[in-house]
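Structure, as structure tokens:
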Amino acid sequence: MWLGLREWRRGNNDPREQLRVADWHFERIGGEYSFTEGPQWTGDLVLFTDMYNHRIISFDPATGQVARFFQGTNLTNGLLYSTGGDLYCCEVAARRLSRLRDGRREVLAESFGGDRLNSPNDVTEDSKGRIWFTDPRYGEHRADMELDHESVYRLDPESGTLTRATFDTTRPNGLLFSADEKTLYVVQSDYGEGAARELRAYPVGEDGSLGPFRVLHNFFPSRGADGLTLTSEGHVMAAAGWSVNGPGPMIYVFDSSGRVLETQPTPPGFPTNLCFGGADLGDLYVTMGEAGVFRVRNCGYRGHDRYCR
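In our numbering, the protein residues as written are 19 to 327.
Here's what the structure looks like:
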């Protein structure tokens with residue numbers, strides 16, 4: 019998510035309860051939210067953040083019930099529901115990565131080399147239990163930044179060791195592992211004039227180091243991508259674009275080479291992130307910033323098991 023876009027407001031095309039767009043049927047779930055992000059499937063619930071209300075919301079697709087899951091999130095953006103059942107939170111306002119376990123919060127990372135983090139944005143994990151997160155700084159307020167870089171980090175939860183993983187990113191955003199964990203996909207979303215807006219693929223070494231990236235897709239000069247998820251076939255699905263310019267807000271589906279397999283327009287607004295859920299992992303949940311949260315039933319893809327608990 020790019021925090022500077024909070025100035026954007028919905029126009030006359032404000033999405034209502036249901037919209038049919040192209041081949042997908044987008045059904046709005048829940049009510050009005052300040053700015054939605056970070057959807058995660060827990061096995062029976064969808065969790066997402068209501069950022070400016072500083073809370074995490076749960077949605078139960080079996081009953082349709084929407085409830086407050088956690089309050090006091092410090093503008094949490096990205097979430098990760100881990101294989102161990104913990105919930106990792108990228109706290110933008112507190113500039114830290116935390117973990118919720120049994121309703122208690124534990125701070126895992128808030129500085130690197132003695133300098134405060136910028137504002138953790140999105141988070142994922144690998145099969146070794148290491149936590150990876152992006153640390154950009156969006157918006158105009160940069161005077162209090164202590165780091166001179168905006169990077170991807172790798173955290174070992176057991177030792178607490180935090181390692182810088184990228185040295186070539188400016189405003190990294192969404193990130194995602196391939197099914198075999200040999201590739202880390204990273205969204206590079208810098209809104210500076212002439213800056214790169216790319217979906218990148220980094221080879222992952224045995225020691226967790228990253229090699230030189232390949233550009234899978236160049237979104238420039240439009241907004242670019244935000245959150246990512248993985249299909250059961252190993253395709254990368256990206257929430258991208260917006261209603262202001264370019265091809266518009268849509269969901270992209272890429273194969274591992276970067277070939278665009280499909281695009282699906284979303285309701286008007288600003289797609290921020292997405293996840294699969296449901297009994298067969300065939301339903302897609304899309305957070306749309308201020309426009310709310312939408313579900314696409316039986317979207318034609320299934321979520322990969324590593325990202326759907």
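Quick reminder that beta carbons are idealized off the backbone N, C-alpha and C, glycines included.
Quiz prompt | Chain-order list of residues whose beta-carbon lies under 7 Å from that of Tyr87 (same chain, five-residue window excluded) | solution = Here residue 87 is Phe; the residue named in the question, Tyr, does not match the sequence. If we look at Phe87 and ignore the five residues flanking it on each side, its Cβ neighbours are Leu65, Ile74, Ile75 and Ser76.
Self-check item: Contact set for Glu199: own chain, Cβ-Cβ below 7 Å, skip 5 residues either direction
Solution: Asp144, Ser145 and Val222
Exercise. Name the residue from His43, Ala257, Asp41 and Glu55 whose alpha carbon lies nearest to the alpha carbon of Gly310.
Key: Glu55
Quiz item: Which term fits Leu262, buried or exposed, when burial requires 16 or more other beta carbons within 10 angstroms of its beta carbon?
Solution: Just to set this straight, residue 262 is Val in the shown sequence, not Leu. Counting Cβ neighbours within 10 Å, Val262 comes out exposed, since fewer than 16 surround it.
Practice problem: Helix, strand or coil for Asn95, going by three-state DSSP, please let me know. | Solution: strand
Quiz item: Closest to Thr142 by CA distance: which of Tyr106, Asp208 and Gly300 is it?
Solution: Tyr106
Practice problem: Give every residue of the same chain whose Cβ lies closer than 8 Å to the Cβ of Ala80, excluding the five residues on either side of it in the sequence, and list them in chain order. | Solution: Asp62
Quiz prompt | Host beta strand (DSSP E) of His43 (start-end) | solution = Trp42 to Ile47
Quiz prompt | Spatially closest choice to Gly245 from Leu98, Glu50, Gly192 and Thr184, by CA coordinates | solution = Gly192
Quiz item: Under a three-way DSSP split, which group does Tyr315 fall into?
Solution: A small correction: the amino acid at residue 315 is Arg; Tyr does not occupy that position in the sequence shown. Arg315: coil per DSSP, three-state reduction.
Quiz item: Rounded to a whole number of angstroms, what is the C-alpha to C-alpha distance between Trp59 and Ser250?
Solution: 15 Å
Exercise. Select from Arg218, Leu302 and Glu224 the residue whose C-alpha is nearest the C-alpha of Phe272.
Key: Arg218
Practice problem: Assign Ala127 to one of two classes, buried (16 or more other C-beta atoms within 10 Å of its C-beta) or exposed (fewer than that). | Solution: buried
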